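In our numbering, the protein residues as written are 26 to 177.
Yeah, the Cβ is synthetic: ideal placement off N, Cα and C, and Gly gets one too.
Predicted, not measured: the structure shown is a model, and the values here were computed from it.
One structure is given here, and the rest of the page talks about it.
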Ligand SMILES: [Zn+2]
């Protein structure tokens, strides 16, 4: 299967730097619980950051914190997302959970990540999650109808 990739733009590089600065300034080290920074760019160009909150119960990855930060700040349409590891680890691709969340919440988003040969590029989330299960945040926002979630 061929996955289309896109070369990084200047704006993408700026987003990577933003995420790197967040984790560099706020990590608690090699064995810490804050080891990843993330940044999202909204459709209007504004950047929002996040850092992971590792916890054994399933604390959110940096990408999810960045999504929440963007939403809480009023952003509704997001264009691009990236995560960067602490201690100079560079760009790291999102885990499976993040990919599914991105797919469901922001089906048009581009994800910056290492691709074949370690080249950092961006990939549309729909190309990154082929044959995906689709869930809609709208479906669970409806009032309970006595039929249960997922009922058509
Ligand atoms: Zn994750």
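(request) With a threshold of 16 other CB atoms inside 10 Å of the CB of residue 144, please say whether the residue is buried or exposed. (result) The sequence position of residue 144 within the chain shown is 119, counting from 1. Flag for residue 144 reads exposed.
(request) With DSSP collapsed to three states, give me the class of residue 154. (result) Position 129 of the chain shown holds residue 154. If DSSP states are grouped into helix, strand and coil, residue 154 belongs with coil.
(message) If contact is defined by three or more beta carbon pairs under 8 Å, each pair taking one atom from either stretch, is the stretch 139-153 in contact with the stretch 88-103?
(response) By the Cβ test, the stretch 88-103 is not in contact with the stretch 139-153, since fewer than three Cβ pairs between them sit closer than 8 Å.
(request) Determine the direct distance from the alpha carbon of residue 157 to that of residue 54, and round the result to whole angstroms. (result) Against the chain shown, residue 54 aligns to sequence position 29. Against the chain shown, residue 157 aligns to sequence position 132. One C-alpha to the other measures close to 35 Å.
(message) Quick check on residue 32: buried or exposed, where buried means 16 or more other Cβ atoms within 10 Å of its Cβ?
(response) Residue 32 sits at position 7 when you count from the first residue of the chain shown. Label assigned to residue 32: exposed.
(message) Does residue 123 pass the burial test, meaning 16 or more other C-beta atoms within 10 Å, or should it be called exposed?
(response) In the chain shown, the residue the question calls residue 123 occupies position 98. Under this definition residue 123 is a buried residue.
(message) On the DSSP bridge list, what partners appear for residue 178?
(response) Residue 178 is absent from the model: the chain starts at 26 and stops at 177.
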